[in-house]
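**Student:** Residue numbers (the working numbering), protein chains in the order written: chain Z, 1 to 319; chain B, 1001 to 1579; chain P, 2001 to 2272.
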Amino acid sequence: MIHLTRMILQRLALGVLTLFVVSVVIFGAVELLPGDIAQEILGQSATEQTVAALREELGLNDPAHVRYLNWLGGVLSGDFGRSLANGREISSLLASRFGYTLFLAAYAAAIAVPLAITLGVLAALYCNSIFDRLINILSLSAISFPEFFVAYILLYLLSAEHAIFPSIADYGSQASLGEMLYRTFLPAITLVLVITAHMMRMTRAAIVNLLAQPYIEMARLKGLSPARVILRHALPNALAPIINVVALNLAYLVTGVVIVEVVFVYPGLGQLMVDSVATRDITVVQACCLVFASIYILLNLTADVLSIATNPRLLHRGR
Amino acid sequence: MPTLEKPELQTPAQDTPLLRIRNLTIEAQTGDQWIQIVHGIDLDLDRGEIVGLIGESGAGKSTVGLAAMGFARQGCRITQGTVEFDGTDLLALSEAARRAYRGKRIAYVAQSAAASFNPAHRLIDQYVEGPLRHGLQSRREAEFSAKALFARLRLPEPDVIGFRYPHQVSGGQLQRAITAMAMSCKPELIVFDEPTTALDVTTQIEVLTTIRDVVRDLGTAAIYITHDLAVVAQMADRIKVLLRGEHVEEAPTREMLANPQEDYTKSLWAVRSFQTDAKAAPPDHVVPTIRVEDISASYRPGQMVLEDISFCVPKGQTVAIVGESGSGKSTVARAITGLLPPLSGRVLLDGEPLPPRLKDRSKDQLRRIQMIYQMPDTALNPKQTIRDVVGRPIRFYRGLTGKALDDEVRALLSAIELEPDVYLDRRMPQLSGGQKQRVGIARALAAEPDFLICDEITSALDQLVAEGILRLLDRVQSDLGLACAFITHDLATVRAIADHVLVMQKGRIVEQGPKADVLTPPHHEYTELLLSSVPEMDPDWLDRTIAEREERGIGISDGSAAEAAAPDDPAAALQPSDS
Amino acid sequence: MWRLLRTAPPTAIFGMLVIVIYAIVAIFADGLAPFGETEVVGFEYEPWGDDFLLGTDNLGRDMLSRIIYGARNTIGIALATTFIAFSVGVFFGMLAAILGRWVDQILSRLVDVMMAIPALLFSLLLLTVFGTSILTMVLVIAAIESTRVFRLARATAMNVVVMDFVEAAKLRGEGLMWLASREILPNIVPPLVAEFGLRFCFVFLAISALSFLGLGIQPPTADWGSMVRDNAGLITFGDITPLLPAGSIALLTVAVNFLVDWMLHRSSGLRT
C-alpha cells in the first residue's frame, strides 16, 4: 500500500507541476502579443501621458516574472484582474458564466457516460454481429460530424420543423430544475451524441483488445457464459483505459461546449471566451483558458489516480 | 479426503471409449482465405488413459487438443468430423450445451499459466468459478477442495496461496495452480497443452512429477500435447505423432520409442545424435580471440547482474555459456558487445583491450565481433530483402558495390545453403524460421568477423531445423576458424557443439572447463541439478531420477526455491533471490 | 489492387468514392462552379430555383458556387496543415524514440504540457495573441496536432527500436540517418498512414470549428465553416440551406473515417 500511496502522491505532484507550467505558458503567450497592451486598450488616439499612466496602473513596467507572480497570486485569491474591453472584474464575469457551463456539461455527462459504457459492453459482447456493425457505422459517423452540424440538424428537426424544444437555451435565473433541463435539452443532447460515440467505441475497443488474451480463452474453456466472460474476466482488466477515455471526454465536454454554446446562444464560459477572442480581450481569454485547462488537468489527473487504484498488480504487490 | 475420490463414471457403457474423434478437419483463416490445417484426424481415448500428441510447430497439436473440447480458436473453424465424448457428438450440440461439458467434464491446462490466469482476480476465486458455475459445489466446499488439491500438487502454504493474485506467485507454482483449477470439477478428461514448455528444466521436472502423480492417482484421462519427446515419454501411455495436420503414426509409448515405423518419426528420434568432437584447448601462450577479465555489470545501482565473469574464447573454439532464465547469460553478450558497458573488468580482442562503450569502438572492432539472435522474426528487418540484409555489412565494412557486392552476397547465400537465384530478393516474411536463422548467420558472416556470439539461436526452432542450423554453424566455424560463444539453456545443444563449457547461476560462473570435464561426474552441485533435470527418452527416467533424488534427500520442493521472483517484475527477475 | 478492393466492405467503398468526388470537385472548381467565388449575383437569401440552384447567401452570392469553391479552400488548407503537423510530429517522434534518454525526456515533457491544454482553447489563445489570419491558423493547428502525431510516431517507433534488427544495426555501427530511414520508418508506415487519415479529420474539423466561430478562414474566401455561420439564421425559418456546407464537412470526415477504419481493421486482422 505504501507503494501505491507513493505512486498516487507522485501523480498529484506531477499534476500540480503541470498546472504551474500551463499557467506559465498561458501567461507567456500574452507576453508574445505584439504591441503595447495599454496602447491597445486606449486606442491610437490616446496621448502618451495617459498610456504611461495606464501602464503604471497595470504594472506593465515591472519585469515579466514579477508580473507573473502578481498575476498568479491574484488568480489564487480569486482575482483575475479586469477585462480590457469593458473594465469589469473578470472574476464576477466568470462566476455567473461558469455555473451555466458546468450545468450543461454535467447534464450531458449524466446521460452520456452510462449510455456509452452500456453500449460499449454490449457491442463487445456481440462482437462482429449485425448489432455491432450497425453501432460501429453509427458511432463512426457521429464522431465524424462537426458539432455544429449535429446541433443545427437537431435545431432544424426539433425546433424549426416541430417546435418541441426552444432554439435558444437561456433559462434565466428563476427557472426550476425541470425548466432548466427542458430548455437546455437540445445543447445537452448534441453533446451527448458527440461524446457517447467516442466513449462507446473506446470501451468496446478496450474490451475487444483483451479477447485475444489467453485468460479469456481459459475462461471460455471453463464453460463460462459469454456475458460472464465479458463482465467478470474482460471488463475488470479494461477499467484503466475506460476510465481514461471517460475522463478525456468529460474534459472534452467542458471545452467542447464552446461551439454548442455559440449555436444555442447559451450564456456559458465558452460563449464568453469566443466573444473575448473576437475583441482580443486578452485578460479574459487568459482567465478562461486557465479555468478550462485546470479542469482538464484535474480530470485527467483523477483518471490517472483511479486507473492506478484499480490495477490489481499495483494494489496487491509483494507476496 | 472425501473431495478427491476418482471421478464417477457417469455412463454404464464401459466399452465405448471416453473420447472418439473421427475425420476431424479444421480450417484456419489467412487473409481472406480459409486453408485446411488439420486433415481428417482420428483419435480414441479410454477412461484413465493418457495419450501424447507430439509434432513440430504447425503440426496442429493444440488445434486438435482444443477441438477435443468442441472448441475452435478465433480464426479457425471445424468443418468436418465428429468429436464424441462419452457417446455424445460435441460438434452437433449447441454452443450453450457444449459449455456444460467444458470445465466440468473436459478441462484444459494452457502452456502459459501466467497468461491464462486473469490478473484481476485471486487464484481461489478463479478456482471456485468452475464448480460454482457448473453447480457442483457451494463456495465453501469448493474452497475446501481447492486447498486440498493445492496441498496435493505440493504448492507451498496451500491454505493461503489461493488468496494471492497471479502476479504474486511464481511461474512453476502457477502451472500447478492451473492444473488444480482444471481438476476443480473432477473432469474425466484433461487437455494439457505444453504445460511445462515455458519453464526452466529444474522447475519442469518438479511440475511434471506433480502433474503425473495427481493424474495417475485420480485416474483422469488426458491428452498431453508437447513437442518434447523426452517429456511425452514420461507422461503418456500411448503416443500419436502429427505432421502438418496429418496423422503419422500411433503406438504405445515403449513400442514407439523402441521401434518407430515411419521415416518422419525415426528422424525425430534421431535428432539428438549430432555431436562434434571437442577440440583441445590451445596452449596458454597463444593469445585467445576474446578474453573476458573480471567483468561485473548491472542495470541499476545496487543490483549486480554479472559478477566477476572471466573466460577465454580461443580461435576456432566454441565456448558454451549455460544457465537458466535470470542467470545473466545473455547479459554477458551485452557486456562484450558494449551495449551494457561493464562497471569493472575488461574485454580483450586478440590481446587488445576494447573500449567498454559501443560508441567508442572503431568500425573495425565492431566488424570483428558479430552477433546472431534468438528470435529470427525480430532479428531481421521484415521490410528488407535478403540482398539488403546480407549486402549491407559487406558494403558498410568493406565498401564493395555493384557486381562485387552482388557476387559476395551470392557466395554467402550458397554457403548457408539458400539458392541465390531463388532467394536473393525475397523479403523476411516469405521465409521459414530456419531460413531466417540462416540469413541471420549470413549477415554475421558478411562482416568477416573473428568472433561470433550466438544467443540461443536454436531455441525458437523445431528440433530438425535446429540441428540443421547447428551443423551449418559448425561447418562455417571450422572453415573460417571462428571463435564462438554459444549462449543456451539447452544441455543437449551444449553436448553437441561445445569445446569448453561455462555454467552460470545468478550472475556468477559456478563451474567452467573443457566439455568432457564439466559433463562427466563429479559435478558441481548446481551443474548436477541442471544435468539430472534434463528429461531423457527413457520412459522410466522420471521415476528413476525422483527415486535417486529422494535417496539423496533432495526430494521435490514446492518450486519456490528453484525459481526467480514473480515473472512480471523485471527488476526482481534480474536479481534472482531465494524467496 | 483490384483483389484488395473487392474485399473492401461497402462502407470503405463509399468512403473512397466520396473522397474521389471531393477531389474532382476541388481540383476542377473553376470549371464546375456556375458563378465566381466572391461574385454578388442576386439578392440576399434567394430561395432555391433555376437561376441559383441552391439559392444565394447573406450577401447575395451563389450558394452552389461557394460550396464548390469551399471544397478547394477548406480541404486544401486542411491538407497542408496535416502535412506540416505530420512532418514535424514524425521527425521528432522518431528522434525521441531512437535517441532516448534526455532528448526523449525533453521532447516528451514539452508535448505533455502542450497536450495538457485542450486543443480548441490553445488555438483560441494563440489566435488571440497572433491575430486571426489563415497562416497563423494553419501554423497554430499544425503545432497542436503535431503533438498527437509525435505521441503515435514515438510509440510505434519505440516498438521497432527494441527489435533485435535495430540492435544489430547499432552494433554494426550505423548512424542515426540509416536507423531512422531504413530500419525504422518502413516499419511504422502502415499505422502512420491510418493516423494521417484520422489527423486530417481532426484538422479539418478544427479549422471548420474556428471558421464557424469567425476566427478561422476570413471573408470573402469561401469556406464551409464560415458559410454555416453566415447563414445559420435560416435554420430557425425551416430552411436547410446552411446544413449543406455543414453536411459537406460531415460527409468528407465520415468518408475518411470509414476508409481508415477498414485500413486499421485490415492491419490488425493480418497481425493475428
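For every residue, glycine included, the Cβ atom is placed at its ideal position computed from N, Cα and C.
Roughly how far, in whole angstroms, is the beta-carbon of Val2140 (chain P) from the beta-carbon of Leu2121 (chain P), given that I think they are within contact range, below 8 Å?
**Tutor:** Here the question's residue 2140 (chain P) lines up with position 140 in the third sequence. Here the question's residue 2121 (chain P) lines up with position 121 in the third sequence. Val2140 (chain P) to Leu2121 (chain P), Cβ: 12 Å. No contact.
**Student:** Does the contact criterion of 3 or more C-beta pairs under 8 Å hold for the region 2141–2149 of chain P versus the region 48–56 of chain Z?
**Tutor:** Touching, no.
**Student:** For the candidate residues B:Ala1411, B:Ala1379, B:Leu1380 and B:Leu1268, whose alpha-carbon lies nearest to that of Ile1394 (chain B)?
**Tutor:** Mapped onto the second sequence, residue 1394 (chain B) falls at position 394. Checked all of B:Ala1411, B:Ala1379, B:Leu1380 and B:Leu1268; the closest Cα to Ile1394 (chain B) is B:Ala1411.
**Student:** For Tyr1108 (chain B), write down the residues that DSSP places opposite it in a beta bridge.
**Tutor:** On the second sequence, residue 1108 (chain B) is found 108 positions in, with the first residue counted as 1. Tyr1108 (chain B) is bridged to B:Val1191.
**Student:** Around the Cβ of Leu157 (chain Z), are there at least 16 other Cβ atoms within 10 angstroms (buried) or fewer (exposed)?
**Tutor:** Here residue 157 (chain Z) refers to the residue found at position 157 of the first sequence. That one is exposed.
**Student:** For Phe20 (chain Z), count neighbouring C-beta atoms within 10 Å of its own C-beta (all shown protein chains included) and say buried if the count is 16 or more, exposed if not.
**Tutor:** Numbered from 1 along the first sequence, position 20 holds the residue referred to as residue 20 (chain Z). Per the 10 Å Cβ criterion, exposed.
**Student:** Can you tell which of P:Val2113, P:Phe2202, P:Leu2205 and P:Met2227 has the C-alpha that lies nearest to the C-alpha of Gly2214 (chain P)?
**Tutor:** The residue given as residue 2214 (chain P) occupies position 214 in the third sequence. Nearest of P:Val2113, P:Phe2202, P:Leu2205 and P:Met2227 to Gly2214 (chain P), Cα basis: P:Met2227.
**Student:** Give, in chain order, every residue of the region 264–283 of chain Z whose Cβ lies closer than 7 Å to some Cβ of chain P.
**Tutor:** Answer in chain order: Met273, Val274, Val277, Ala278, Arg280 and Ile282.
**Student:** Indicate whether Glu1250 (chain B) and Gln1261 (chain B) have their beta-carbon atoms separated by less than 7 Å.
**Tutor:** Mapped onto the second sequence, residue 1250 (chain B) falls at position 250. Mapped onto the second sequence, residue 1261 (chain B) falls at position 261. No. Outside cutoff.
**Student:** Measure the beta-carbon distance from Leu191 (chain Z) to Val257 (chain Z) and round it to whole angstroms, keeping in mind my assumption that it falls under 8 Å.
**Tutor:** On the first sequence, position 191 is the one that residue 191 (chain Z) refers to. On the first sequence, position 257 is the one that residue 257 (chain Z) refers to. That belief holds up - the Cβ atoms of Leu191 (chain Z) and Val257 (chain Z) are roughly 7 Å apart, short of 8 Å.
**Student:** Using a cut-off of 8 Å between C-beta atoms, extract the partners of Val2103 (chain P) located in chain Z.
**Tutor:** As a position in the third sequence, residue 2103 (chain P) is number 103, starting the count at 1. Per Cβ cutoff of 8 Å: no residues; Val2103 (chain P) is ~19 Å from chain Z at best.
**Student:** May I have the straight-line CA-CA distance separating Leu1009 (chain B) from Pro1535 (chain B), to the nearest angstrom?
**Tutor:** Mapped onto the second sequence, residue 1009 (chain B) falls at position 9. Mapped onto the second sequence, residue 1535 (chain B) falls at position 535. Reliability of the predicted coordinates at Leu1009 (chain B) is poor, the pLDDT of 46 falling under 50, and no value is obtained from them.
**Student:** Taking the C-alpha atoms as reference points, what is the distance between Leu1045 (chain B) and Ile1106 (chain B)?
**Tutor:** Residue numbering aside, residue 1045 (chain B) sits at position 45 when the second sequence is read from its first letter. Residue numbering aside, residue 1106 (chain B) sits at position 106 when the second sequence is read from its first letter. Their backbone Cα atoms lie some 13 Å apart in a straight line.
**Student:** Report yes or no: is there a C-beta of chain P within less than 7 Å of the C-beta of Val285 (chain Z)?
**Tutor:** Residue 285 (chain Z) sits at position 285 when you count from the first residue of the first sequence. Val285 (chain Z) counts as touching chain P.
**Student:** Is any beta-carbon of chain Z found at less than 7 Å from that of Phe1163 (chain B)?
**Tutor:** Position 163 of the second sequence, counted from the first residue, corresponds to residue 1163 (chain B). For Phe1163 (chain B), the answer is no, since every Cβ of chain Z falls outside 7 Å of its Cβ.
**Student:** Locate the beta strand (DSSP E) running through Leu1043 (chain B), then write down its first and last residues.
**Tutor:** Numbered from 1 along the second sequence, position 43 holds the residue referred to as residue 1043 (chain B). Leu1043 (chain B) -> beta strand (DSSP E) spans Gln1033 to Leu1045.
**Student:** Beta carbon of Ala2250 (chain P), beta carbon of Phe131 (chain Z): below 7 Å?
**Tutor:** Walking along the third sequence from the start, residue 2250 (chain P) turns up at place 250. Walking along the first sequence from the start, residue 131 (chain Z) turns up at place 131. No, they are not a contact pair.
**Student:** Mind checking whether the beta-carbon of Ser23 (chain Z) lies closer than 6 Å to any heavy atom of the ligand ADP?
**Tutor:** In terms of ligand content, the structure shown is empty, and the ligand ADP therefore cannot be addressed.
**Student:** Can you check which of these residues, P:Phe2165, P:Leu2152, P:Ile2013 and P:Ile2134, is closest to Pro2220 (chain P) by C-alpha distance?
**Tutor:** Stepping through the third sequence from its first residue, residue 2220 (chain P) is reached at position 220. Among P:Phe2165, P:Leu2152, P:Ile2013 and P:Ile2134, the Cα nearest to that of Pro2220 (chain P) is on P:Ile2134.
**Student:** As a quick exercise: from Z:Ile230, Z:Leu4 and Z:Asp275, pick the residue whose alpha carbon is nearest that of Leu125 (chain Z).
**Tutor:** Taking the first sequence and counting its residues from 1, one reaches residue 125 (chain Z) at position 125. Considering only alpha carbons, the answer is Z:Ile230.
**Student:** By alpha-carbon positions, which one of B:Thr1385, B:Gly1048, B:Arg1357 and B:Val1518 ends up nearest to Asp1217 (chain B)?
**Tutor:** The residue given as residue 1217 (chain B) occupies position 217 in the second sequence. Of B:Thr1385, B:Gly1048, B:Arg1357 and B:Val1518, the residue nearest in Cα terms is B:Gly1048.
**Student:** So if DSSP puts Arg2072 (chain P) in a beta bridge, which residue, or which two residues, is it bridged to?
**Tutor:** As a first step, residue 2072 (chain P) must be located in the third sequence, where it is residue number 72. According to DSSP, which records beta bridges pairwise, Arg2072 (chain P) is partnered with nothing at all.
**Student:** When we look at the beta-carbon of Val2162 (chain P) and count the other beta-carbons within 10 Å, is it buried (16 or more) or exposed?
**Tutor:** Working through the third sequence from its first residue, we reach residue 2162 (chain P) at position 162. Classification for Val2162 (chain P): exposed.
**Student:** Does the beta carbon of Tyr1108 (chain B) come closer than 7 Å to any beta carbon on chain Z?
**Tutor:** Position 108 of the second sequence, counted from the first residue, corresponds to residue 1108 (chain B). Taking Cβ atoms only, chain Z reaches closer than 7 Å to Tyr1108 (chain B), which makes this a yes.
**Student:** What's the gap between the Cα of Tyr107 (chain Z) and the Cα of Phe98 (chain Z)?
**Tutor:** Working through the first sequence from its first residue, we reach residue 107 (chain Z) at position 107. Working through the first sequence from its first residue, we reach residue 98 (chain Z) at position 98. Cα to Cα, Tyr107 (chain Z) sits roughly 14 Å from Phe98 (chain Z).
**Student:** Between which residues of its own chain and Ser276 (chain Z) is the CB-CB distance below 6 Å, once the five residues before and five after are set aside?
**Tutor:** For this step, residue 276 (chain Z) is matched to residue 276 along the first sequence. The answer, listed in chain order, is Val284 and Val285.
**Student:** Let me know the secondary structure DSSP gives Arg2006 (chain P) once reduced to three states.
**Tutor:** Here the question's residue 2006 (chain P) lines up with position 6 in the third sequence. Residue state, collapsed to three classes: helix.
**Student:** Please confirm if Leu1366 (chain B) has its CB atom under 7 Å from at least one CB of chain P.
**Tutor:** In the second sequence, counting from the first residue as 1, residue 1366 (chain B) sits at position 366. By this cut-off, Leu1366 (chain B) is an interface position.
**Student:** Under 7 Å between C-beta atoms, does Ala1120 (chain B) make it to chain Z?
**Tutor:** By one-based count along the second sequence, residue 1120 (chain B) stands at place 120. Chain Z contact via Cβ: present.
**Student:** Taking the DSSP output, what are the residues bridged to Tyr1224 (chain B)?
**Tutor:** Position 224 of the second sequence holds residue 1224 (chain B). DSSP output for Tyr1224 (chain B) lists B:Gly1052 and B:Phe1192 as bridge partner(s).
**Student:** State yes or no: is the beta carbon of Arg319 (chain Z) nearer than 7 Å to at least one beta carbon in chain P?
**Tutor:** The sequence position of residue 319 (chain Z) within the first sequence is 319, counting from 1. At Arg319 (chain Z) the pLDDT is 41, less than 50, meaning the model places this residue with poor confidence; the figure from the coordinates comes in the next sentence. No, no contact with chain P.
**Student:** Taking all protein chains shown into account, decide if Ala1179 (chain B) is buried (16 or more other Cβ within 10 angstroms of its Cβ) or exposed.
**Tutor:** Locating residue 1179 (chain B) in the second sequence gives position 179, counting from the first residue. The sequence shown places Thr at residue 1179 (chain B), rather than the Ala named in the question. With 16 or more Cβ atoms within 10 Å of its Cβ, Thr1179 (chain B) is classed as buried.
**Student:** Gly223 (chain Z) CB to nearest chain B CB: under 7 Å?
**Tutor:** Numbered from 1 along the first sequence, position 223 holds the residue referred to as residue 223 (chain Z). Yes, Gly223 (chain Z) lies at the interface with chain B (some Cβ there is under 7 Å from its Cβ).
**Student:** What number of angstroms, rounded off, separates the C-alpha of Gln1495 (chain B) from the C-alpha of Val1322 (chain B)?
**Tutor:** In the second sequence, the residue the question calls residue 1495 (chain B) occupies position 495. In the second sequence, the residue the question calls residue 1322 (chain B) occupies position 322. Checking the sequence shown, residue 1495 (chain B) turns out to be Arg, not Gln. When rounded, the distance between both Cα atoms is 11 Å.
**Student:** Rounded to a whole number of angstroms, what is the C-alpha to C-alpha distance between Arg1427 (chain B) and Val2193 (chain P)?
**Tutor:** Position 427 of the second sequence holds residue 1427 (chain B). Position 193 of the third sequence holds residue 2193 (chain P). Arg1427 (chain B) and Val2193 (chain P): Cα-Cα distance of roughly 22 Å.
**Student:** Just to confirm, is the Cβ distance from Pro1342 (chain B) to Ala1297 (chain B) under 7 Å?
**Tutor:** If you number the second sequence from 1, residue 1342 (chain B) lands on position 342. If you number the second sequence from 1, residue 1297 (chain B) lands on position 297. Against a cut-off of 7 Å, the Cβ pair of Ala1297 (chain B) and Pro1342 (chain B) comes out as a contact.
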